[in-house]
Structure formats: structure tokens, C-alpha cells
Amino acid sequence: MLNARIDMRPKTRATPNGVAIAVAGLTVLGLLLRLACAHGDLWLDEIWSLRNLQHLKNAGDILWRLPNDNNHLLNSLWLWLVGPAAPTVLARLESIAVGTLTIPVAAKFCGRSGPAAALTGAGLAAGGAIFVQYGSEARGYAGLLLMIFVAAEALENILEDSTPRTRLAFAGAVALGALFHLTMLAAAATLIAAAVLRLAYRGRPPREILIAGLDLALLGFLGALPALGLLAASVLNAHLLQEGALTPFSLAALGHSLTTLYAATLGLPYDLALPLALLACAGLTLAAVVLIASERLILPLTCLLLPPLVATLVQAPNVQYARFFLVGVLGLVILASDVIARLWDARRLLGVFLLVFLMALGNCIHVGELFVFGRGNIRPLVARMESHGPARFATNMPVEVWVSLNFYDPRGMLSEVQAQDWCSRPPDWFVLSDQPAAEASTATFGPPQCRTRYALDMVIPRAPLSGLRFALYRRAIP
Numbered sequence: 001m002l003n004a005r006i007d008m009r010p011k012t013r014a015t016p017n018g019v020a021i022a023v024a025g026l027t028v029l030g031l032l033l034r035l036a037c038a039h040g041d042l043w044l045d046e047i048w049s050l051r052n053l054q055h056l057k058n059a060g061d062i063l064w065r066l067p068n069d070n071n072h073l074l075n076s077l078w079l080w081l082v083g084p085a086a087p088t089v090l091a092r093l094e095s096i097a098v099g100t101l102t103i104p105v106a107a108k109f110c111g112r113s114g115p116a117a118a119l120t121g122a123g124l125a126a127g128g129a130i131f132v133q134y135g136s137e138a139r140g141y142a143g144l145l146l147m148i149f150v151a152a153e154a155l156e157n158i159l160e161d162s163t164p165r166t167r168l169a170f171a172g173a174v175a176l177g178a179l180f181h182l183t184m185l186a187a188a189a190t191l192i193a194a195a196v197l198r199l200a201y202r203g204r205p206p207r208e209i210l211i212a213g214l215d216l217a218l219l220g221f222l223g224a225l226p227a228l229g230l231l232a233a234s235v236l237n238a239h240l241l242q243e244g245a246l247t248p249f250s251l252a253a254l255g256h257s258l259t260t261l262y263a264a265t266l267g268l269p270y271d272l273a274l275p276l277a278l279l280a281c282a283g284l285t286l287a288a289v290v291l292i293a294s295e296r297l298i299l300p301l302t303c304l305l306l307p308p309l310v311a312t313l314v315q316a317p318n319v320q321y322a323r324f325f326l327v328g329v330l331g332l333v334i335l336a337s338d339v340i341a342r343l344w345d346a347r348r349l350l351g352v353f354l355l356v357f358l359m360a361l362g363n364c365i366h367v368g369e370l371f372v373f374g375r376g377n378i379r380p381l382v383a384r385m386e387s388h389g390p391a392r393f394a395t396n397m398p399v400e401v402w403v404s405l406n407f408y409d410p411r412g413m414l415s416e417v418q419a420q421d422w423c424s425r426p427p428d429w430f431v432l433s434d435q436p437a438a439e440a441s442t443a444t445f446g447p448p449q450c451r452t453r454y455a456l457d458m459v460i461p462r463a464p465l466s467g468l469r470f471a472l473y474r475r476a477i478p
């Protein structure tokens, strides 16, 4: 058990009134950013979440009769409550709320290193692109991020003084996080591993380290039980587990995912080459090594390195998605806030200004793209295709594009042309999705025996991280 007090540095510091006011202001700013970016159309995964609920009899079926990896339980319950016809902002309101709550939690957690760190953590949680984007869409990732920070704070309290309250807080954070998204279990394991490494760093006896690790693992397991129990019940009731497409492991895909994670958190360019992204992260880490006490580095480095290492060792699928490594966001926020706090304490104000300016500028650009482009607005696409009445279309992504268009086609004026029917009557439109490199002013599509020429009519862009990009082609008249 972790009953002995451990002198962890830096200790929790009292928050000055000025800092509290600033954090409150950043919280309001973060709320406004999330509300602004919650406008626009729902995107594919949000639509899938709503489709999953169509044939359920009651809200309880969400918990024990929907074994679908797209069923983020607490998000699905919210969508059931507001209904499929709810305005977009209302459908995303749960994520907006929990995403906004992450801001003061990040301030409290980072504030262990001082007021400057508290403001940096709050600033990144308020305006960081990854926080704003996931905090303004109807998915479970905003709640997952919140619970990662809550669990990290609870673990700090356990290490300082293990009490029933601190232990319950950690188990509760794991439980709620897993109900938002099951990747909370991997995040909890990462946090526990970091805590064990910190005990080893302090020279604790092996037996004490083992007992502490088992104790924390038990708390994590107890927290995981509700989500795992509901998943097991769903599988037993439905006799299946529905999974989305699984993409085999690829180091290149993992590298792209981590680059996106760094960019969306720290404000780096999204199209930054992987070596440059790793160099930027290494530079921040080097600055942290120079400025921050060694023990303080264990948690952020574990969050950044352990999940991709495990994914590589087990050859995990779908590593191309940054959202499956969100515990790394905690690591980046800790590094950035602690480096700025140390620079501030050393009165190296130019360094503080440059770091804050660059992170703020980059994230302003990213959030601006999200505000302007959304996640790929579908209604203008449908309106254009239906401008001359019922229309037939084909696409390179039949399931994904059909689900997206059908949701915003209440009159049912769009019909998808199958490959075997193309030659007898070529489609009026072709929707090329998520292949910007293949977009051109004219293109030919269709089976080899009846290739058809099309002209580019419009492009619907999207912000990175989530959504679909659409290039709409109209069939050329011979």
C-alpha cells in the first residue's frame, strides 16, 4: 500500500488570486472557442454514433446491447438524450462541457510547478488545437482527455499521501475515462508505470515498489470493471463484437500519428516532416532535462514513449490515428508548462515570450482552420448535387461517403451507382474523398471498359485530426 508520505517535488502550491482570475479567463476563452468550432456539419464518426442508436429500444441498450467500437458510452447516452434531430451544437454540448472542464484541471495539475506552469497548462488546454477539436465534436475523446488529467492529479495525490479519498479519485477517473473511451485503460496503465518508475528512482526497496505497483494496478482494474463489464454484457447479448476497419501496423503511420499529436498540442505545422517534428519534441525534452528535476521528467517521458513503444512491440493496428495516443498530450503539456515555469523563475523572459508566442501562433492557425473548414461540411455538397433534381453518384469510399451524404439528404434525392451498373448509365457525379493528391481539374473514373470523364466542380476541405475532405466532380458532357 502507498500509506507512507512521499516527499514529491514540486509540491502543490497555493494559487495566487491573479492566477486564478487568469485561469478563469482562459476557461471562458476555451468555452467560446469550443462553441465557435462546434458549428458546421457532423462528420462521419459522429453520424455513425447516431446511426448506432436508430434501432435501440431504450437507453439501456446502449450500455449492454451495442458492442460496437464506435459506441463511446457516455457520448452515446448524450446523443440518445438529445436525439438525432438535435442542432449540431447541442449534439456536441457534452464534449464542449467536459472539454472546458479540462482547462482548470490542467491548471491545477501543472500548477504544482508554479503559477507560470499553471497558466501554460490552462492556456494549452484552452486553445490547443487537439483540445479544441476533440472538445467540440460529439465523440468520447474530450471526456477521455479530461479523465487522463484527473487521473494524473489523483496519482500525484496518492504518491504524496495515500488516503481513501485519493485512491477513490484515481479509480473513479479510470472508470469515467473508460466509459468515455476504452483507451483510458492504456492511459491508466501508462500513468501507473510512471508512478512505479518514480518510486524506483527514489530508491525505494523492490518489495515496496512491487506492492505499490500491484496496489495501483488493483485500483486501475477496479476502475476498469464498469466499462469492461458492460462490454462483456453487450458481446454476450449480441453474440458479436463490431469493429471498424483495421489497418495493419506501420512505422510510417505511427510516425505520422505522433507528428500530428505533437503539432496539434504544441502548435507545430501539421505538414512538418517527421524528423523535424521529432527534433522539435527532442528540443523541448532537452530543455526539460536541463531545467527540470529528473524525477519530474519521468511522467511526461513515460506518457510520450511507452504507448508507441508498446504499439510497436505488439504491432497494434490503426496506429495512424493520433487520438489513440492521447496520454501523450499530458506528457507534452507537462514538458511545455514546466520548461516555461523554469524559464520564468530564472527571469529568462525572452525565452518565455518566444515559446508562448510560437505555441499560441501555431494553435491559433490550427483552430482557425477548424473554425473555417470544420470537419468537411456535407450540406453544400448535397445541395450542389441536387441542384438539378435527383442525382446519381459514385465515390472512391462507398460506405463512408454514402453514410455521410445520406444523413444530410432527407428527401432521398441521391442514389449511389454500383460498379456493375456504371457502364449502362454512368453517374452524374463522382465524389473523391480524402485524396487531395489525386485531385485535378479533370479526371476519369469508372471500370476499365467504360471510363468516364469528369470535371472538378467544387472542393470541400476539412481541418486535420478528424473529418472527411470531398472533391466533387461533375460528368463531362460528350
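Final position of the sequence shown in the UniProt record's numbering is 478; the numbers increase by one with none missing. Ideal Cβ placement from N, Cα and C applies to all residues, glycine included. Nothing here was measured: the structure is a model prediction, and the numbers come from that model.
Assigned with DSSP and collapsed to three states, ARG453 falls in strand. For ALA471, no alpha helix (DSSP H) encloses it; the enclosing beta strand (DSSP E) starts and ends at 470 to 475. Non-local C-beta neighbours of PRO426 in its own chain, meaning closer than 8 Å and more than five positions away in sequence, comprise VAL417, GLY446, CYS450, THR452 and ARG475, ordered along the chain. The criterion of a C-beta distance shorter than 8 Å is satisfied by LEU155 and PHE170.
When secondary structure is reduced to three states using DSSP, VAL319 falls in the coil class, being assigned neither helix nor strand. Counting along the chain, GLU416 sits inside the beta strand (DSSP E) bounded by residues 414 to 416. Counting only the Cα atoms, PRO164 lies some 42 Å from THR247. Here THR247 carries a coil assignment [DSSP, helix/strand/coil]. Taking each of LEU81, ALA263 and LEU330 in turn and checking the Cα distance to ALA122, the smallest one comes out for LEU330. According to the DSSP assignment, SER466 belongs to no alpha helix (DSSP H), since it is labelled neither H nor E. For LEU241 against PRO67, the beta-carbon gap comes to about 5 Å, under 8 Å, which counts as contact. Around the Cβ of GLY128, a 10 Å sphere holds 16 or more other Cβ atoms; the residue is buried. GLN435 sits in coil when the DSSP states are folded into three classes, being neither helix nor strand. Counting the other CB atoms within 10 Å of its CB gives ILE378 a total of 16 or more, which places it among the buried residues. If the five residues before and after LEU90 are omitted, its C-beta is found closer than 8 Å to the C-beta atoms of VAL82, all from its own chain and listed in chain order.
For ILE103, the three-state secondary structure derived from DSSP is helix.
Under the criterion of beta carbons closer than 8 Å, PRO307 and VAL327 qualify as touching, at roughly 6 Å. Along the stretch 299 to 346, the alpha helix (DSSP H) occurs as fully enclosed runs of 4 or more residues at 327 to 345, listed in sequence order.
By the Cβ neighbour-count rule, VAL459 is exposed, with fewer than 16 other Cβ atoms within 10 Å of its own. Here GLY30 is not near LEU74, since their CB atoms are 8 Å or more apart. Inclusion of PHE393 and TRP429 in the CB contact set at 8 Å is warranted, their separation being smaller than that value. Taken in chain order, the complete alpha helix (DSSP H) segments of 4 or more residues contained in the stretch 38 to 74 are 44 to 52 and 60 to 64.
For the 8 Å CB-CB criterion, LEU468 and ASP434 form a contact. Note on the stretch 205 to 238: whole alpha helix (DSSP H) runs with a minimum of 4 residues are 206 to 238, in chain order. Look at the beta carbons and you see the stretch 283 to 297 not touching the stretch 358 to 366: under three pairs across the two are nearer than 8 Å.
Setting aside the 5 residues that flank it on each side, ARG342 is surrounded in the same chain by LEU291 and ILE292, each with a C-beta closer than 7 Å to its C-beta; the list follows chain order.
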